[in-house]
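Notes to accompany the following structure.
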Amino acid sequence: MNPQNQEQTFEPDHDLQEPQLNILLTTDEDDDRPVYLSGNFNQWHTQDLNFQMEKIGSGLYHYKFPADFAYPDELLYKFTKGDWSEVEIDKYGNRTENRSCKEHSGVRKEHVDKWRKNWLPFKSNFLPKVHLISDEFEIPQLNKTRRVWALLPHDYDQTTERYPVLYLQDAQNLFNEKAQYGNWEIDKKLAVMSEYKIGKIIVIAIEHADQDRIKEYNVGNTVLGAGQGKKYIRFITDTLKPFVDKAFRTKPEREHTGIGGSSMGGLVSIFSGLMYPEVYGKLMVFSPSLWVVPKMNFNQMDFSEPGETKIYLYAGGDESATMIDHVKRFKKNLLKNELATNKMKIQLSINMLGKHNETYWSDEFPKAIEWLFFNTKD
Numbered sequence: 041m042n043p044q045n046q047e048q049t050f051e052p053d054h055d056l057q058e059p060q061l062n063i064l065l066t067t068d069e070d071d072d073r074p075v076y077l078s079g080n081f082n083q084w085h086t087q088d089l090n091f092q093m094e095k096i097g098s099g100l101y102h103y104k105f106p107a108d109f110a111y112p113d114e115l116l117y118k119f120t121k122g123d124w125s126e127v128e129i130d131k132y133g134n135r136t137e138n139r140s141c142k143e144h145s146g147v148r149k150e151h152v153d154k155w156r157k158n159w160l161p162f163k164s165n166f167l168p169k170v171h172l173i174s175d176e177f178e179i180p181q182l183n184k185t186r187r188v189w190a191l192l193p194h195d196y197d198q199t200t201e202r203y204p205v206l207y208l209q210d211a212q213n214l215f216n217e218k219a220q221y222g223n224w225e226i227d228k229k230l231a232v233m234s235e236y237k238i239g240k241i242i243v244i245a246i247e248h249a250d251q252d253r254i255k256e257y258n259v260g261n262t263v264l265g266a267g268q269g270k271k272y273i274r275f276i277t278d279t280l281k282p283f284v285d286k287a288f289r290t291k292p293e294r295e296h297t298g299i300g301g302s303s304m305g306g307l308v309s310i311f312s313g314l315m316y317p318e319v320y321g322k323l324m325v326f327s328p329s330l331w332v333v334p335k336m337n338f339n340q341m342d343f344s345e346p347g348e349t350k351i352y353l354y355a356g357g358d359e360s361a362t363m364i365d366h367v368k369r370f371k372k373n374l375l376k377n378e379l380a381t382n383k384m385k386i387q388l389s390i391n392m393l394g395k396h397n398e399t400y401w402s403d404e405f406p407k408a409i410e411w412l413f414f415n416t417k418d
């Protein structure tokens, strides 16, 4: 049945007659994903369970605002299916403007033609400015050089704004269309987020060391042997970050500074945050190689740094037989420390179908960015 026909024949039940604002949504494209309201009443959080709509038919959804809801002067909102990669668009694939409502009661009927899928389409004019900082950035701690990139917000040159910063490992696989195993497409993801006025962030992408990648990301003596991870972390913290803060308009404080990566890059990011909690307030950790350090000791870690640390921890169920167990144990052991329990927020995201590759890390990237840097509710 056509959802629009359903709307015409739908009879409001008792709930819809109560003196609260009700939203009745129809959509031509429907599937099993839930629909959420995102707006100026919840910091535009795209997966807020408090604003999940009830599915009452094929392509037909309903939401009733609570009786004690504090309405803003003008209610602004959009419909999404979980994040900005799945937000409503018009029938031509264009971004829709915010919906607006000033009523506090009655039934408001809305319609969505299409939903964005897999971050497509994106607008090229919102793509971040890709800036090569250096082909041979010196790493004095390791007596090496490395290629380092900066991805700047698309309108960086037109503003005087300062931005949070995320340091990411494995730059070769982040936005390179010719990457052997695919890439995270962070440039495209940031373009869509920027179009919706979130995601304006500076990403510093550090290329890995090719054949020495594992050695550089290996912290201390582990099952892989002696590593250079502590020296590499000191490079990012003591050498690269001061350069970046001087060269670009950053927000240098810990609450605006993150570090992240996947696999061994995720592991070295964990240790970066644990070694320098006064520098990194946000960790983006995808599919970390925790098996390398099976007995990670948190009792020696310093959790006295004031302010909270946010950790976005992701794992796929189809990566290895132990991946999910490892990340769950990591979260549990980390929060055993009383100070950590009070000062750390960990968002654990598990995709049971997720494999150990760039495609799944790409899907998770914008969700992590939103939660770490732009979601003030959690």
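The numbering of the sequence shown is our numbering, which starts it at 41 and goes up by one. Even for Gly, the Cβ is constructed at its ideal location relative to N, Cα and C.
By the CB criterion at 8 Å, residue 352 and residue 324 fall inside the cutoff. Beta-bridge annotation (DSSP): residue 148 is paired with 63.
The beta-carbon distance between residue 121 and residue 159, rounded to whole angstroms, is 13 Å. This is too long to meet the 8 Å contact definition.
If only complete runs of 3 or more residues are kept, the segment 364–407 shows the beta strand (DSSP E) at 384–391, in order along the chain. According to the DSSP secondary-structure assignment, residue 301 is paired through a beta bridge with 325. For residue 151, same chain residues with a beta-carbon under 6 Å away, outside a window of 5 residues either side, are 66 in chain order.
The beta-bridge partner set that DSSP reports for residue 244 consists of 190, 207. Secondary structure of residue 177 (DSSP, three-state): strand. In the three-state DSSP reduction, residue 140 falls in the strand class (E or B).
Under DSSP, residue 355 shares a beta bridge with 390. Within its own chain, the residues whose Cβ lies closer than 6 Å to the Cβ of residue 329, once the five positions on either side in sequence are excluded, are 303, 304, 307, listed in chain order.
Of the other Cβ atoms in all chains shown, 16 or more fall within 10 Å of the Cβ of residue 258; this residue is therefore buried. The count of Cβ pairs closer than 8 Å, one atom from the segment 216–232 and one from the segment 271–283, stays below three, leaving the stretches out of contact.
Going by C-alpha positions, residue 318 is about 13 Å away from residue 299. Annotated as proximal: residue 246 and residue 186, with beta-carbon spacing under 8 Å. Residue state for residue 267 is assigned as coil, using DSSP reduced to three classes. Taking the Cα of residue 274 as reference, the smallest distance to any Cα among 367, 309, 103, 265 is reached at 309. In this structure residue 205 is in contact with residue 284, their Cβ atoms being roughly 6 Å apart against a cut-off of 8 Å. Bounds of any alpha helix (DSSP H) do not take in residue 94; it lies within the beta strand (DSSP E) bounded by 94–97. Rounded to whole angstroms, residue 163 and residue 198 show a C-alpha spacing of 18 Å. Excluding sequence positions up to five before and after residue 385, its CB lies within less than 8 Å of the CB of 348, 349, 350, 351, 418, all in the same chain and listed in chain order.
Proximity of the segment 166–181 to the segment 135–142 falls short of the contact definition, fewer than three beta-carbon pairs being nearer than 8 Å. According to the DSSP assignment, residue 234 belongs to no beta strand (DSSP E) but to the alpha helix (DSSP H) extending over 226–235. Per DSSP, reduced to three states, the secondary structure at residue 115 is strand. Annotation: the continuous alpha helix (DSSP H) that includes residue 281 extends over 281–287. Of the candidates 116, 72, 82, 241, the residue whose Cα lies closest to the Cα of residue 95 is 72. The beta carbon of residue 356 sits closer than 6 Å to the beta carbons of 391, 394, 395, 400 from its chain, once the five residues preceding and following it are set aside; these are given in chain order. With contact defined as three or more Cβ pairs closer than 8 Å, the segment 73–91 and the segment 111–125 are in contact. In this structure, residue 172 lies away from residue 226, with their beta-carbon atoms at least 8 Å apart. Under the criterion of beta carbons closer than 8 Å, residue 269 and residue 215 do not qualify as touching, at roughly 24 Å. It is roughly 27 Å from the alpha-carbon of residue 272 to the alpha-carbon of residue 389. Following the DSSP letters along the chain, one finds residue 316 in no alpha helix (DSSP H), marked with neither H nor E. Per the coordinates, the alpha-carbon of residue 410 lies some 8 Å from the alpha-carbon of residue 238. Looking at the DSSP output, residue 69 sits in no beta bridge, so it has no partner there.
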